[in-house]
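Each step along the sequence shown adds one to the number in UniProt numbering, with nothing skipped, and position 193 is 193. Even for Gly, the Cβ is constructed at its ideal location relative to N, Cα and C. Computed from a predicted model, the values in this text were never measured in an experiment. Okay, so here's the structure we're looking at.
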Amino acid sequence: MVVTFEEEKQKKRLEQLRWLEEENRARITAQKSGLPYLDLSAVPVDAEALITIEEARARTAELAIIQKSYKVLRIAVKDHANQETAKILEELKQKGYQISLFVVSSRSLEKAWEQYKTAPKAAKVITGKIEISELKKEIETFEGLRTKIETLPPTQTSAIAEILLAGGLKFDASDIHIEPETDKVRLRYRIDGILQDISFFSFKIFNSLLSRIKLLSGLKINIHDIAQDGRFTILLDQTEIEIRVSIIPGAYGESIVMRILNPAAISVGIEQLGFREDDNQIVSEQLERPNGMILNTGPTGSGKTTTLYAFLKKMNEPGIKIITIEDPIEYHIKGITQTQVEAEKGYTFANGLRSIVRQDPDVILVGEIRDQETAEIAVHAALTGHLVFSTLHTNDAPGAIPRLIDIGVKPNILPSSLNLVIAQRLIRKVCASCGQKEKISPELFEKFKTTLAGLPKRVKKPELSSNTTLAKPAAAGCDKCHQTGYKGRVGIFELFIMTPEMEKLIITSPPESEIQNLARKAGMVTMAEDGVIKIIQGITTLEEVEDAVGSI
């Protein structure tokens, strides 16, 4: 029998029609049951997740576990009312799993079950918490992490995602960047504020990983041309760590950034932030005041959130009511009422702050003052018995005054409400394990001697001589600092406090230069000067300070 081209074409057309009919039936079932529909031809199935249920039982129940994130399972079902399906779902819930169901066609299930052939042989499924903890211990160096990533098969998307996250936690990364390029995908970690290359991997791995991250974050898998934001949570040694996800379309594929919101990052006390002894005294005195406003200024990534959270934790006592409005909430603190801006629902900084004031708080944190309405309500709250913390984007501490006036705050009420402005930057510390020493140059000695001579008497000056040695990062670094020569960061600060003379000046709406001059006469130490002190103390380098504040 000879099969003609037309007959073959007709056969393929009929197969396509049958497939479309089957998918349409699955869509209708999904609509009736109120569950989302999914076509698994466009979604990678995680072979490691699949083996949570043995193949024979999965086929009987007509289901497949397609994604697994620690204690969260994404399960594809043909009919969620199926008796065997219901039994398995109940068993999984009893084991502590959270379940998300998707209705799929028989054809999709067959595609998923095919992955049993490539699934890991081990029947034991390890919970996400243990997996992350063990991986974090196993990873020692960038090279070790790179090897783990490159030796895993693309089908094990769960393991790949866990390794990326475990590596980020191991190396104290704040962000994980996954960036498609022309023929490969680049992986970078931001460590101590600097992006560092980790590895490259194939688009096959990337496509699976992208779907995995979207599922974890509650994002739309089939949307590729608009930006999407989401979150998910992982467990590490009984600690919940939120991962904030941002995905945007790029020239070669979707770019992924995962921010690691590790509570350990804000567990530092005020004394660990990097304040000098005299500045620490000023901060402590201002935090004891019952009302007024404390502002923290600086660019994104300068440590403002960590500083303000340290203040909140110091104030967090049983007899004090603290409420925040943030965009978004980055870290959760027990004993504090934290709220989040939801502009689409009308809960803006201004509206939220107005409502918070009616909640009888002692301390209020406003994530950022962006407009006149928010600024005026914050100032009014500071004048009426509340201690208010907030942030601004200015280059230095005195610049907060003209910025608030430009926003619309009246100069005559500003001095009565503002207690303290702190400007800050973050600088890297020379690695304590491999850092070296070098004798100060004659030029730097003279420059630093002049700087120290200009400091107010309250500042405890470090010893400086022509024989002083300064810290120097080792060129090759070591495993502790991941071959960078630097490990950890510390703040450099500039504290602006209100004085009677400053109050009189501000009422006249002066230019920033006049405010700066008067603040200097009153004893304000600049960020650059604070940086010089930390250089002489052997904490950091001139290059780090100048990168943060410009030429000294």
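- Residue 510 sits in coil when the DSSP states are folded into three classes, being neither helix nor strand.
- Here residue 419 is buried: its Cβ has 16 or more other Cβ atoms, across all protein chains shown, within 10 Å.
- Here residue 254 is buried: its Cβ has 16 or more other Cβ atoms, across all protein chains shown, within 10 Å.
- The region 312-325 makes contact with the region 337-353: 3 or more CB pairs, one atom from each, lie closer than 8 Å.
- Exclusion of the five residues before and after residue 474 leaves 434, 436, 485 as the residues of its chain whose Cβ lies within less than 6 Å of its Cβ.
- Between residue 43 and residue 98, the alpha-carbon positions lie close to 20 Å from each other.
- At a Cβ-Cβ threshold of 8 Å, residue 368 and residue 261 do not count as neighbours.
- DSSP places residue 461 in the coil class of the three-state scheme, outside both helix and strand.
- As computed with DSSP, residue 181 is found in no beta bridge at all.
- Distances from the alpha-carbon of residue 371 to those of 388, 387, 406 put 406 closest.
- Only exposed fits residue 17, as fewer than 16 other CB atoms lie within 10 angstroms of its CB.
- Residue 362 is bridged by DSSP to nothing; it lacks a bridge partner.
- Residue pairing by DSSP places residue 296 opposite 391, 422 in a beta bridge.
- Proximity to residue 398 across 234, 520, 249 peaks at 520, based on C-alpha coordinates.
- When C-alpha distances from residue 284 are compared across 526, 458, 379, 311, the shortest belongs to 311.
- Note on geometry: alpha-carbon atoms of residue 510 and residue 72 lie some 58 Å from one another.
- As DSSP reads the structure, residue 233 sits in a beta bridge with 242.
- Residue 34 is bridged by DSSP to nothing; it lacks a bridge partner.
- Bounds of the beta strand (DSSP E) holding residue 74 are 72-77.
- Boundaries for residue 264: no alpha helix (DSSP H) harbours it, and the DSSP string shows neither H nor E there.
- Between residue 113 and residue 59, the C-beta spacing is below 8 Å.
- The beta-bridge partner set that DSSP reports for residue 495 consists of 422.
- Residue 469 is bridged by DSSP to 439.
- Annotated three-state conformation of residue 157 is helix, per DSSP.
- Per DSSP, residue 171 is not a residue of any alpha helix (DSSP H), being assigned neither H nor E.
- Within the region 76-106, the runs of alpha helix (DSSP H) at least 4 residues long that lie entirely inside it are, in chain order, 83-94.
- By alpha-carbon distance to residue 246, the top candidate from 268, 236, 218, 344 is 218.
- The beta-bridge partner set that DSSP reports for residue 200 consists of 186.
- For residue 304, the enclosing alpha helix (DSSP H) has its first and last residue at 304-315.
- In the structure shown, the three-state DSSP call for residue 545 is helix.
- When the five nearest sequence neighbours on each side are left out, the beta carbons in the same chain lying within less than 6 Å of the beta carbon of residue 29 are those of 103, in order along the chain.
- Excluding five sequence positions before and after residue 263, the CB atoms of its chain that fall closer than 8 Å to its own CB belong to 239, 240, 241, 331, 332, given in chain order.
- For residue 64, the uninterrupted beta strand (DSSP E) segment begins and ends at 63-69.
- When the five nearest sequence neighbours on each side are left out, the beta carbons in the same chain lying within less than 6 Å of the beta carbon of residue 472 are those of 436, 438, in order along the chain.
- Distance from residue 68 to residue 46 at the Cβ level is roughly 6 Å; contact confirmed, criterion being Cβ atoms closer than 8 Å.
- For residue 366, the closest of 426, 56, 352 by C-alpha to C-alpha distance is 352.
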